[in-house]
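Participant: In the working numbering, each residue carries its 1-based index in the sequence shown increased by 11.
Got a structure here, written out as structure tokens. Questions coming.
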Amino acid sequence: CEAPNAKVAIELIEQEKPDLVLLDLGLPGMGGHDLLRQWRDGGIDIPVVILSSRTDEAGIVSALELGADDYVTKPFGMNELVARIGVALRHKFQQQGEKPVFQSGDLSVDLVKRIVKVDDREVKLSPKEYDILRILVQHAGKVLTHHFILKQIWDDSTDVQYLRVYVRQLRQKIEKTPDQPRYITTETGVGYRLRVE
Numbered sequence: 012c013e014a015p016n017a018k019v020a021i022e023l024i025e026q027e028k029p030d031l032v033l034l035d036l037g038l039p040g041m042g043g044h045d046l047l048r049q050w051r052d053g054g055i056d057i058p059v060v061i062l063s064s065r066t067d068e069a070g071i072v073s074a075l076e077l078g079a080d081d082y083v084t085k086p087f088g089m090n091e092l093v094a095r096i097g098v099a100l101r102h103k104f105q106q107q108g109e110k111p112v113f114q115s116g117d118l119s120v121d122l123v124k125r126i127v128k129v130d131d132r133e134v135k136l137s138p139k140e141y142d143i144l145r146i147l148v149q150h151a152g153k154v155l156t157h158h159f160i161l162k163q164i165w166d167d168s169t170d171v172q173y174l175r176v177y178v179r180q181l182r183q184k185i186e187k188t189p190d191q192p193r194y195i196t197t198e199t200g201v202g203y204r205l206r207v208e
């Protein structure tokens, strides 16, 4: 279903309970950021993919930190949009049936035993490397901002460079080709995403 303005969008969310929302930030009546904040503050955890012509890093980061699952800038191709919707839905359904062992391709992460394997070979990670991977696994498929990850691990505004160093070390251990990562992808200027296969 489609909502011409924020008021109708709020009503439709309550009535229809959709699996996913495509939210245009230019929605009449209430800004998309405000609408997203209202949903998240109200406990509505439906996956939200933002559609916007804004390409500035601050706007993208702001939407992701408010709880958007992804951000697609206009113009975009339909194949890209369909793929991003698929990832957001997969993430939702994985959360509903959350398993203690995350599996994606050759990568396996046991969140209970804290065991990480690549190609059935155990990989030793430092505590910080494991924490970063755990956070990415818990939000697999979703773009996580640098700020979000830093706050989860260091609980302060530690320099993003620290995070980059740890992610580089983590990639060296779990990626076959660290310079062309298969699992931990960089969302330039925003953060990281753990790809789900």
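Glycine included, each C-beta is placed from N, C-alpha and C at the ideal position.
Per DSSP, Arg204 forms a beta bridge with which residues?
Facilitator: The residue given as residue 204 occupies position 193 in the sequence shown. Paired residues: Val154, Thr196.
Participant: Just to confirm, is the Cβ distance from Leu33 to Leu62 under 7 Å?
Facilitator: Along the sequence shown, read from residue 1 onward, the residue named residue 33 stands at position 22. Along the sequence shown, read from residue 1 onward, the residue named residue 62 stands at position 51. Cβ atoms of Leu33 and Leu62: closer than 7 Å.
Participant: Please state the DSSP three-state secondary structure of Ser115.
Facilitator: Locating residue 115 in the sequence shown gives position 104, where the first residue counts as 1. Three-state DSSP puts Ser115 in a strand.
Participant: How should Thr156 be labelled, buried or exposed, when 16 other C-beta atoms within 10 angstroms of its C-beta is the threshold for buried?
Facilitator: The sequence position of residue 156 within the sequence shown is 145, counting from 1. So Thr156 ends up on the buried side.
Participant: Using the Cβ count rule (16 or more neighbours within 10 Å means buried), how would you classify Asp81?
Facilitator: For this step, residue 81 is matched to residue 70 along the sequence shown. Looking at its Cβ environment, which holds 16 or more other Cβ atoms inside 10 Å, Asp81 is buried.
Participant: For Ser127, list the residues DSSP reports as bridge partners.
Facilitator: Working through the sequence shown from its first residue, we reach residue 127 at position 116. The question names Ser, but residue 127 in the sequence shown is Val. Answer by DSSP bridge pairing, in chain order: Val120, Val134.
Participant: With DSSP collapsed to three states, give me the class of Ser63.
Facilitator: Position 52 of the sequence shown, counting from 1, holds the residue named residue 63. Three-state result, Ser63: strand.
Participant: Report buried or exposed for Glu13, applying the criterion of at least 16 other Cβ atoms within 10 angstroms of its Cβ.
Facilitator: Indexing the sequence shown from 1 puts residue 13 at position 2. Classification for Glu13: exposed.
Participant: So, at 7 Å on beta carbons, what are the nonlocal neighbours of Glu68 in its own chain, with the 5 sequence-adjacent residues on each side left out?
Facilitator: Here residue 68 corresponds to residue number 57 of the sequence shown, with the count starting at 1. So the list reads Gly200, Val201, once near-sequence residues are dropped.
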